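Trainee: What follows is a single structure, and I will ask about it in a moment.
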Ligand code: IFM
C-alpha cells in the first residue's frame with residue numbers, strides 16, 4: 086500500500102496553479118451496460134442471455150425484478166444521448182449484448198441487433214461523444230452456457246469470433262475497446278458464491294472459468310488489434326483494497342486470498358504474465374503450453390472500476406476459505422451502505438500505476454441510493470454529489486502524486502437494473518421513473534456538468 090501523500094502536495098492539488106493537472110485531453114464520461122439498460126430482450130431477434138433465465142429463478146433478484154424492460158434504452162437511446170450532451174461528457178462507455186448480435190452466441194449474426202449498435206454509434210459521433218465499447222458485461226448467450234459457458238475452453242474461440250464480428254462492423258467508427266468488465270465479479274459470483282449465473286459452487290469450474298476468460302481476453306485483443314486501425318484496447322478491472330475485518334491472522338489471510346482473486350487474478354496474468362501464487366495451483370489443470378503468452382497481449386491502458394474498500398473474514402466452511410464481511414460500523418457510508426473512503430481510491434490508483442505501469446482510465450465510480458423525486462419533482466442527491474466531489478478530488482491527488490490517470494467515467498448515466506438488487510438501488514445521474522420511462526436529471530447531473538465545464542475552462546485559461 087502506498088503511504089499517505091505529504092500534506093503540502095495535497096494542498097498544492099487544490100491550488101489554482103495546478104488546476105491544469107488533468108490536462109486538455111482528460112476524458113470525462115459516463116458508463117452503462119447492455120443488460121442493465123437496454124430492455125427489449127425479445128426485440129428484433131435478440132437471443133436469450135444467462136441473465137434472462139437467472140432473473141426468473143425465485144429469490145435471486147430483489148422484488149423479482151428482471152432486465153426485460155430496464156430503461157428501454159434500446160428504443161430511447163437518442164433521448165439518452167441528448168442527456169449526455171446536456172451533461173457535457175466527451176465519452177460514453179457501453180457494452181454490446183452478445184446475444185443481441187449473435188443470438189446463439191456463435192454462427193449466424195443478427196443484422197437487426199448489429200444495426201442497433203450502428204445507430205447508437207452514429208448518433209454518439211454526431212453528438213461529438215466518443216463511443217467506448219465493452220465487449221462483455223456479463224450477459225453470456227444462454228446457448229453458450231448450455232455448451233459449458235466459461236468452463237468450456239472452446240469459449241475462447243467463440244469470444245474471438247464475436248470480437249471479430251463487432252470489430253468488423255463498428256471498428257471503422259469506434260476505436261476504444263475493452264474486452265471484459267470486472268471479470269473477477271462474474272467468475273467469483275457465478276462459480277463460487279451463487280449470486281450470478283450460472284450460480285454453481287465448484288472450485289474446478291471457477292479456476293477453469295478464470296483461465297478461459299483470461300485466454301478469451303488475449304484472443305480478443307489480437308483480433309481487435311489486427312482488424313481495427315488505431316485501436317486503443319484495454320480491459321476493465323474492479324480494484325479495491327481488500328481488508329481483514331479484524332486484525333487477526335486468519336482474517337488477514339482471508340483478505341489476502343480475496344485480494345488475489347478480486348484484484349489480481351485477471352490484470353496480473355494479462356499485464357504481468359502470471360497468476361498470483363495462491364491461484365496458480367488451481368489454474369494448473371487448465372493451463373496448456375503457451376497459454377501465458379496468449380493471455381499477456383499488449384494493451385494500451387488499464388481500466389479501473391472503484392467504489393469502496395472490501396472486507397473479508399476467515400470462514401473455513403466457505404468454498405475458498407473466506408467470506409465477505411461488512412465494513413466496520415463507524416466508517417462513513419454511501420446511502421446504500423458502501424464505505425466512503427476517497428483516500429483508498431487515491432492509493433488504489435497509485436498502487437495500480439506502480440504495479441502495472443499503464444495509463445489508467447477510471448471507467449466506473451459512483452454512489453448508490455434509494456431515491457424518489459421530492460414534492461417539486463426534483464432529486465436533490467447531495468450525498469452522491471458529496472461522494473463524487475471527494476472521489477474526483479482523490480483522483481486529482483493521485484495525478485499530482487504521479488498516477489497517469491487519463492479519464493473518469495461516472496457509473497452511471499441512468500438509474501438501471503442493479504443485478505441482485507433489482508431496481509431498488511439507483512446509481513444514475515439521471516433518475517428513471519420506470520413505469521413511464523421518464524428521465525429526470527438529478528442535482529448530481531448538474532453538478533457533474535458544472536465540473537466538466539469548469540475543468541474545460543481551467544484548461545483554456
Ligand atoms: O452496476 C454495477 C456494474 O454493472 C458493475 N460495477 C459495479 C456497478 C454498481 O454495483
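Numbering (the numbering used here), first residue to last: 86 to 546.
All residues carry an ideal CB built from backbone N, CA and C; glycine is no exception.
Note that this is a predicted model, so its numbers are computed, not measured.
Let me know if residue 398 comes out buried or exposed under the rule of 16 or more other beta-carbons within 10 Å of its beta-carbon.
Mentor: Translated into positions along the chain shown, residue 398 becomes position 313. It counts as buried.
Trainee: What would DSSP say about residue 234, mapped onto helix, strand or coil?
Mentor: In the chain shown, the residue the question calls residue 234 occupies position 149. Helix.
Trainee: Got a sec: does the ligand IFM put a non-hydrogen atom nearer than 7 Å to the Cβ of residue 348?
Mentor: Indexing the chain shown from 1 puts residue 348 at position 263. Outside the cutoff, so no.
Trainee: When you compare the stretch 292 to 302 with the stretch 263 to 271, are there three or more beta-carbon pairs, one atom per stretch, that lie closer than 8 Å?
Mentor: Because the criterion of three Cβ pairs below 8 Å is met, the stretch 292 to 302 and the stretch 263 to 271 touch.
Trainee: I'd like to confirm the pairing. Which residues does DSSP put opposite residue 219 in its beta bridges?
Mentor: Start at 1 with the first residue of the chain shown, and residue 219 comes out as number 134. For residue 219, which the question treats as bridged, DSSP gives the partners 180 and 263.
Trainee: Nearest to residue 549 by CA position, among 338, 455 and 417, is which residue?
Mentor: One cannot answer for residue 549 here, as it falls past the ends of the chain, which runs 86 to 546.
Trainee: Using DSSP bridges, identify the partner residues of residue 471.
Mentor: Here residue 471 refers to the residue found at position 386 when the chain shown is read from its first residue. Answer is none; residue 471 lacks a bridge partner.
Trainee: Any heavy atom of the ligand IFM closer than 7 Å to the Cβ of residue 393?
Mentor: For the purposes of this step, residue 393 is taken as residue 308 along the chain shown, with counting starting at 1. The answer is no for residue 393.
Trainee: With DSSP collapsed to three states, give me the class of residue 407.
Mentor: The sequence position of residue 407 within the chain shown is 322, counting from 1. The answer is strand: DSSP assigns residue 407 an E or B state.
Trainee: What does the Cβ neighbour count give for residue 180, buried or exposed, with the cut at 16 atoms within 10 Å?
Mentor: For the purposes of this step, residue 180 is taken as residue 95 along the chain shown, with counting starting at 1. It counts as buried.
Trainee: Starting from residue 395, trace the beta strand (DSSP E) in both directions and tell me its first and last residue.
Mentor: Walking along the chain shown from the start, residue 395 turns up at place 310. Counting along the chain, the beta strand (DSSP E) containing residue 395 begins and ends at 395 to 399.
Trainee: Which value, in whole angstroms, describes the spacing of the CA atoms of residue 118 and residue 520?
Mentor: The residue given as residue 118 occupies position 33 in the chain shown. The residue given as residue 520 occupies position 435 in the chain shown. Taking the straight line from one Cα to the other gives about 20 Å.
Trainee: Under the DSSP definition of a beta bridge, which residues are partnered with residue 494?
Mentor: In the chain shown, counting from the first residue as 1, residue 494 sits at position 409. Partner(s): 114.
Trainee: Taking Cβ positions, are residue 190 and residue 228 nearer each other than 8 Å?
Mentor: Your numbering for residue 190 matches position 105 in the chain shown. Your numbering for residue 228 matches position 143 in the chain shown. The answer is yes: Cβ separation under 8 Å.
Trainee: Cβ of residue 280 versus every heavy atom of the ligand IFM: is any distance shorter than 7 Å?
Mentor: Position 195 of the chain shown, counting from 1, holds the residue named residue 280. No; taking the cut-off as 7 Å, the Cβ of residue 280 has no heavy atom of the ligand IFM nearer than that.
Trainee: Alpha carbon to alpha carbon, how far is residue 95 from residue 481?
Mentor: Stepping through the chain shown from its first residue, residue 95 is reached at position 10. Stepping through the chain shown from its first residue, residue 481 is reached at position 396. At residue 95 the pLDDT is 36, less than 50, meaning the model places this residue with poor confidence and gives no usable figure here.
Trainee: So, helix, strand or coil for residue 321, using DSSP?
Mentor: As a first step, residue 321 is located in the chain shown; it is residue number 236 there, counting from the start. Strand.
Trainee: Could you give the residue range of the beta strand (DSSP E) that holds residue 165?
Mentor: Taking the first residue of the chain shown as 1, we reach residue 165 at position 80. Here residue 165 belongs to no beta strand (DSSP E); instead the alpha helix (DSSP H) covers 158 to 172.
Trainee: Among 140, 165, 193 and 113, which residue has its Cα nearest to the Cα of residue 173?
Mentor: Counted from its first residue, the chain shown places residue 173 at position 88. Taking only the C-alpha atoms, the option nearest residue 173 is 113.
Trainee: Taking 8 Å as the cut-off, decide whether the C-beta atoms of residue 380 and residue 347 are in contact.
Mentor: Translated into positions along the chain shown, residue 380 becomes position 295. Translated into positions along the chain shown, residue 347 becomes position 262. Contact flag unset, no.
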